[in-house]
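Peer 1: Per this note's numbering, the very first residue in the sequence shown carries number 52; after that it's consecutive.
Just so it is clear, CB atoms sit at the ideal spot from N, CA and C, and this is done for glycine as well.
Everything numeric in this text was worked out from a predicted model, so none of it was measured.
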Amino acid sequence: EAPETEMLKSAIQELGITPRKPMLCPGCPHRASFFAIRQAIPNAINPSDIGCYSLGVNQKGLDTVVAMGASVTVSSGLSLVSRITDD
52 EAPETEMLKS AIQELGITPR KPMLCPGCPH RASFFAIRQA IPNAINPSDI
102 GCYSLGVNQK GLDTVVAMGA SVTVSSGLSL VSRITDD
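(1) Measure the beta-carbon distance from P98 to S130 and round it to whole angstroms, keeping in mind my assumption that it falls under 8 Å.
(2) Can you find at least 3 beta carbon pairs, one from the stretch 100-117 and one from the stretch 73-89, that sit closer than 8 Å?
(3) Kindly indicate the opening and closing residues of the alpha helix (DSSP H) around A91.
(4) Less than 8 Å between the CB atoms is what I'm expecting for L116 and S105, so what's the real figure, rounded?
(5) Could you pull out every residue in the same chain whose Cβ sits closer than 7 Å to the Cβ of S126, ignoring the five residues on either side in sequence?
(6) With DSSP as the reference, label T115 as helix, strand or coil.
Okay, structure coming up:
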């Protein structure tokens, strides 16, 4: 492991920080949005960008996280592919 990793592990242990999984903030509107999208379009492919809403992967609210702004181009590509395969 890198020296930085060991330093961070040591600091976490010394400070008594309890590890926890990343999660959306209580009351975050993204949580309800993920639920609504799953209910309205259960088989949708949902591209996402980097940001707090990328935590939607734990909510089964998104399918891809590539890079900042990539959801638009991924969505465009999926749209073009679906037109080809639907014919």
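Peer 2: The answer reads as follows:
(1) Within the sequence shown, residue 98 is the residue found at index 47, counting from 1. Within the sequence shown, residue 130 is the residue found at index 79, counting from 1. Not confirmed; about 11 Å, so no contact.
(2) yes
(3) Residue mapping note: residue 91 aligns to position 40 of the sequence shown, counting from 1. Its alpha helix (DSSP H) spans residues P80 to A91.
(4) Position 65 of the sequence shown holds residue 116. Position 54 of the sequence shown holds residue 105. The identity of residue 116 in the sequence shown is Val, whereas the question assumes Leu. The pair is a contact, with the Cβ atoms about 5 Å apart (cut-off 8 Å).
(5) Position 75 of the sequence shown, counting from 1, holds the residue named residue 126. Correct list, in chain order: P98.
(6) Taking the first residue of the sequence shown as position 1, residue 115 is located at position 64. Residue state, collapsed to three classes: strand.
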